[in-house]
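With mature numbering (1 follows the signal peptide of the UniProt record, and there is no 0) applied, the sequence shown corresponds to residues -18 to -1, 1 to 189, in that order.
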Amino acid sequence: MALTAALALLASAQVATAHFGIEYPTWRDNTLGSASTSNYSQWEYPCAGVPGNLGNVTDWPLDGGSLVLDLHHAWTYVFVNLGLGENVANFNYSLTDPFLNSTGNGTLCIPKVTLPTNLPIQDGSLASIQVVTLGEKGQALYNCADIRFRQNATVLSGDACKSSEGVTVEAIEVGAKTAGSTVVGVNVGVLTSVAALTGLFVVGLSV
């Protein structure tokens, strides 16, 4: 009996370390495998099976805000998408054009993820952020956070936006930069067209 319990605990720990969390904005719900969220799976598109009516809504600046992730892999490709409206299931705006490459385990804070130009939002508009991570095995994981755009909302600063020691991130571009969203405070790298296909594949899942 003790051996069975130990094996179950080990399996649970391995599942948790293979997944990720959204620390800010507040995610729809904890999908890392607690008893209250046993029906959720980060493998499930678009938001790990979590509905958008649970009430966890964070005020976010009209021109974009901070994003804090809890990452559990040595390296991770991160895709951030946006869907407008309430209880969103269609995330058709890419905020990372096409994706980020994060290295290191722990907390990653992106000071500001800006929004695409001419986005049809105003003070009080509801939306959802979808974060997709892709690891070394090429399998996508999903989590979502619901937000409300506010004129007086601000980005995180100081101690509220600190990445763990050894955690770095680079914004990956493919070819020439196109007009759209940007990630403030993040270095930029360029990949070949092969990597472009990878990015389009994952982002395309949310269209």
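Beta carbons: idealized from backbone N, C-alpha and C, even for Gly.
Quiz item: By the 10 Å Cβ neighbour count, where 16 or more other Cβ atoms means buried, how is Trp42 classified, buried or exposed?
Solution: One-based indexing of the sequence shown puts residue 42 at position 60. Trp42 is classed as buried because its beta carbon has at least 16 other beta carbons within 10 Å across all chains shown.
Practice problem: Ignoring anything shorter than 3 residues or poking outside the stretch 109 to 151, list the beta strand (DSSP E) runs there in chain order. | Solution: 122 to 132
Quiz prompt | Three-state secondary structure assigned by DSSP to Phe61 | solution = Residue 61 sits at position 79 when you count from the first residue of the sequence shown. Correct three-state label for Phe61: strand.
Self-check item: Minimum Cβ-Cβ distance from Thr8 to chain B less than 8 angstroms
Solution: Here there is only one protein chain, and chain B is not present.
Self-check item: 8 angstroms contact criterion, which Ser110 and Cys126 should meet: CB distance rounded
Solution: Position 128 of the sequence shown, counting from 1, holds the residue named residue 110. Position 144 of the sequence shown, counting from 1, holds the residue named residue 126. Confirmed, Cβ separation roughly 5 angstroms.
Practice problem: Leaving out five residues on either side along the sequence, give the residues of the same chain with a beta carbon under 6 angstroms from the beta carbon of Pro102. | Solution: As a working mapping, residue 102 is identified with position 120 in the sequence shown. Correct list: empty, nothing qualifies.
Quiz item: Does the separation of the CB atoms of Tyr124 and Tyr27 fall below 8 angstroms?
Solution: The sequence position of residue 124 within the sequence shown is 142, counting from 1. The sequence position of residue 27 within the sequence shown is 45, counting from 1. For Tyr124 and Tyr27, yes; Cβs fall inside 8 angstroms.
Quiz item: When burial is assigned at 16 or more other CB atoms within 10 Å of the CB, is Leu51 buried or exposed?
Solution: Working through the sequence shown from its first residue, we reach residue 51 at position 69. Result: buried.
Quiz prompt | Burial state of Phe2 (16 or more Cβ within 10 Å) | solution = The count along the sequence shown starts at 1 and reaches residue 2 at position 20. The residue in question, Phe2, is buried, as its Cβ has 16 or more Cβ neighbours within 10 Å.
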